[in-house]
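Visitor: One structure is given below, represented as structure tokens, and several questions about it will come after.
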Amino acid sequence: MANNSFIVIVGCGRVGSHLANKLSGEGNSLVVIDINESTFDNLTAEFSGFRLIGDATQVGLLREAKLQRADTLIATTHDDNVNLMVAQVARNMFKTPLVMARVFDPRREQVYKRLGIRTICPTSVAASLFLDILEGEAVRREEPTA
Amino acid sequence: MRVIIVGGGKALYFLGRNFASKGYEAAIVNKDPGECRRLARDLSVEIICGDGSDEHVLEQAGARRADAVLAITPRDQDNLVICQLASLQFGVPRTVALANDPDNVEVFEALGVSAFSTTNIVGSLIEQHAALEEITNLLPVGEGRVNVTEIVLSSDAPVVDRPLKDIRLPENTLVAVVIRGGDPLVPRGDSVLRGGDTVVLITLPENHGAALKALTGEGR
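Residue numbers (the working numbering), protein chains in the order written: chain A, 27 to 172; chain B, 80 to 299.
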């Protein structure tokens, strides 16, 4: 990925702030939105972007974040429905080229994949990683006898 | 008709009561166990306690055979997802979302969900009915492209005691009927308007304000 993208991140919790610190440190332009000002404490010295306090489900705030000029939007709040709404608004109204949303509920994830939203489901990802390890262990135990 | 209403508060209670009394098969989805218990006690409709934006809860509420889903929670993001799940996953033919933020009416429509805003509705009702005391009735016809307005002329209105043909009204304005002392009359160019007359005015929305101003002399 080129390091001169304009990226808007919604939600500045653990995942959002981690992404924001890293992507800003790599030279991208960042705007981070969170409804709760104290979450901006998660941003480190690496971060040199803009902080915006407010509710990202209000279109006015996304306009203030200059989403119309952004290359990428990442919705990482802990609320699936906020992420899904913001992602759809970005994709359909602001025509943001790359839109990603965190969605905890695997069933909801399936529906929105069909609507063209790139979703990451931490629940499914964690479960499949656990399964990979389990299967790896099973193979290892079988090897000596095989 | 089977209607699922997702939300809470007084609006939900009265909607549920209203639908039940009309003989609709209504189901209510609400997150709060305490409110669910009260609703179950006061209403004779099915109550499902859970998150309406969860597919399983919608299914439990009978979304597969529902004719309409109405999402009126205080959170716009929930209302959007509820309606989208109902229509995408269960093929519910009619879904309507409350937009608490009036700007979200446009957003929801752009995302394919029918929406309404109580702020907009109440706001326009107030503008239509309360801005001028003389305006006693206003009815949009032709899908809102035509206004029919009833105005009581005060005796100091600029148009009284003058024949209609001498009164300059904006384009696309018609004084259709004058009601004087309870008797309706269809005015002609030489008819003279009087104080106390009730005038039924037909206008297009773009010159509605100008027409009212011409008749009453008051700015809108």
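The beta carbon of each residue, even a glycine, is placed where N, CA and C say it ideally should be. Because the structure is a prediction, the values reported are computed rather than measured.
Which residues in the same chain as Gln-168/B place their Cβ atom closer than 7 Å to its Cβ, once the five residues preceding and following it in sequence are excluded?
Guide: Hits under 7 Å: Glu-134.
Visitor: Indicate whether at least one CB of chain A lies closer than 8 Å to the CB of Val-257/B.
Guide: No - not a single Cβ of chain A is within 8 Å of the one on Val-257/B.
Visitor: Thr-98/A to Glu-52/A, Cα distance in whole Å?
Guide: Answer to the nearest angstrom: the Cα atoms are 15 Å apart.
Visitor: So, does the CB of Ser-132/B fall closer than 8 Å to a CB anywhere in chain A?
Guide: Ser-132/B counts as touching chain A.
Visitor: If we count the other Cβ atoms within 10 Å of its Cβ and call it buried at 16 or more, is Glu-169/A buried or exposed?
Guide: Glu-169/A comes out exposed.
Visitor: Give the residues from the segment 100 to 117 of chain A that approach chain B closer than 9 Å (Cβ to any Cβ), ordered along the chain.
Guide: Answer in chain order: Asp-105, Asp-106, Asn-107, Val-108, Asn-109, Leu-110, Met-111, Val-112, Gln-114 and Val-115.
Visitor: If contacts are defined as beta-carbon pairs under 8 Å, then Ile-151/B and Val-108/B qualify, I think. What distance do you get, rounded to the angstrom?
Guide: Between Val-108/B and Ile-151/B the Cβ distance is about 11 Å, and since that is not below 8 Å, they are no contact.
Visitor: Per DSSP, which residues does Ser-166/B bridge with? Please list them.
Guide: Paired residues: none, contrary to the question.
Visitor: On the CB-based measure, 16 or more other CB atoms within 10 Å of its CB, does Ala-81/B come out buried or exposed?
Guide: Note that residue 81/B is Arg in the sequence shown here, rather than Ala. Classification of Arg-81/B: buried, given that the 10 Å Cβ count is 16 or more.
Visitor: How many whole angstroms separate the CB atoms of Leu-56/A and Ile-79/A, which I take to be in contact at a CB cut-off of 8 Å?
Guide: The pair is not a contact, with the Cβ atoms about 15 Å apart (cut-off 8 Å).
Visitor: In whole angstroms, what is the alpha-carbon distance linking Asp-111/B and Thr-228/B?
Guide: Approximately 45 Å between the Cα atoms of the pair.
Visitor: Can you tell me which of the three DSSP states Cys-115/B falls into?
Guide: Helix.
Visitor: Could you please give me the residues that DSSP links to Leu-283/B through a beta bridge?
Guide: Partner(s): none; Leu-283/B has no beta bridge.
Visitor: Residues of chain B with CB under 7 Å from Arg-133/A, in chain order?
Guide: By Cβ distance, chain B contributes Glu-134.
Visitor: Can we say the segment 178 to 186 of chain B touches the segment 116 to 130 of chain B, given the rule of at least three CB pairs closer than 8 Å?
Guide: No contact exists between the segment 178 to 186 of chain B and the segment 116 to 130 of chain B.
Visitor: Using a Cβ-Cβ cut-off of 8 Å, state whether Leu-167/B counts as contacting chain A.
Guide: So yes, Leu-167/B belongs to the interface.
Visitor: Candidates Gly-131/B, Val-256/B and Ala-145/B: which alpha carbon is nearest Gln-156/B's?
Guide: When each option's Cα is compared against that of Gln-156/B, the closest is Gly-131/B.
Visitor: What are the residues of the segment 178 to 196 of chain B that lie near chain A, defined by any Cβ-Cβ distance shorter than 7 Å?
Guide: The segment 178 to 196 of chain B vs chain A, Cβ under 7 Å: Asp-180, Asp-182, Val-186, Ala-189 and Leu-190.
Visitor: Does Met-126/A get closer than 8 Å to chain B when you measure Cβ to Cβ?
Guide: Not one chain B Cβ lies under 8 Å of Met-126/A.
Visitor: Taking one C-beta from the segment 103 to 117 of chain A and one from the segment 158 to 174 of chain B each time, how about it: are there three or more such pairs within less than 8 Å?
Guide: Segments in contact, yes.
Visitor: By a C-beta neighbour count over all protein chains shown, 10 Å radius and 16 as the cutoff for buried, is Ala-172/A buried or exposed?
Guide: Here Ala-172/A scores only 48 on pLDDT, less than 50, and its place in the model should not be relied on; the value that follows carries that caveat. Result: exposed.
Visitor: If you follow the alpha helix (DSSP H) that Pro-181/B is part of, which residue opens it and which one closes it?
Guide: Run containing Pro-181/B: none; DSSP gives neither H nor E here.
Visitor: Where Arg-134/A and Asp-67/A are concerned, what is the direct C-alpha to C-alpha distance, given to the nearest angstrom?
Guide: Roughly 31 Å between the two C-alpha positions.
Visitor: Check whether the Cβ of Gly-95/B lies closer than 7 Å to any heavy atom of the ligand ATP, and answer yes or no.
Guide: No copy of the ligand ATP appears in this structure; indeed no ligand is present at all.
Visitor: With respect to the alpha helix (DSSP H) encompassing Gly-86/B, which residues constitute its N-terminal and C-terminal limits?
Guide: It is not in any alpha helix (DSSP H) - Gly-86/B instead sits in the beta strand (DSSP E) that spans 81 to 86.
Visitor: For Phe-156/A, which three-state DSSP category applies?
Guide: Residue state, collapsed to three classes: helix.
Visitor: Closest Cβ-Cβ distance between Gln-156/B and chain A: below 8 Å?
Guide: So, interface residue.
Visitor: I want to verify the contact list: residues of chain B whose CB lies under 9 Å from the CB of Val-85/A, in sequence order.
Guide: Under the 9 Å cutoff, chain B gives Asp-180, Asp-182, Asn-183, Glu-185 and Val-186.
Visitor: By the criterion of Cβ-Cβ separation under 7 Å, what are the contact partners of Ala-58/A in chain B?
Guide: Here residue 58/A turns out to be Val, not Ala, going by the sequence shown. Result: empty, since nearest Cβ-Cβ is about 19 Å, beyond 7 Å.
Visitor: Quick one: which chain A residues come within Cβ less than 8 Å of Val-238/B?
Guide: Simply none; closest approach about 43 Å.
Visitor: Under 8 Å, Cβ to Cβ, is there at least one residue of chain A near Arg-299/B?
Guide: Any reading at Arg-299/B must be qualified, since the residue scores a pLDDT of 43, below 50, and its modelled position is unreliable; the value itself is stated next. No, its Cβ sits nowhere closer than 8 Å to a Cβ of chain A.
Visitor: Chain B beta carbons: is any one of them nearer than 8 Å to that of Val-34/A?
Guide: Taking Cβ atoms only, chain B never reaches closer than 8 Å to Val-34/A, which makes this a no.
Visitor: According to DSSP, simplified to helix, strand and coil, what is Glu-72/A?
Guide: In the structure shown, Glu-72/A sits in coil (DSSP, three-state: anything other than H, G, I, E or B).
Visitor: Using DSSP with H/G/I as helix, E/B as strand and the rest coil, what is Thr-98/A?
Guide: Strand at Thr-98/A.
Visitor: With DSSP as the reference, label Ser-148/A as helix, strand or coil.
Guide: What sits at residue 148/A in the sequence shown is Pro, not Ser. Reduced to three states, the DSSP call for Pro-148/A is helix.
Visitor: Grouping DSSP H, G and I as helix and E and B as strand, with all else coil, what is Gly-37/A?
Guide: Gly-37/A: coil per DSSP, three-state reduction.
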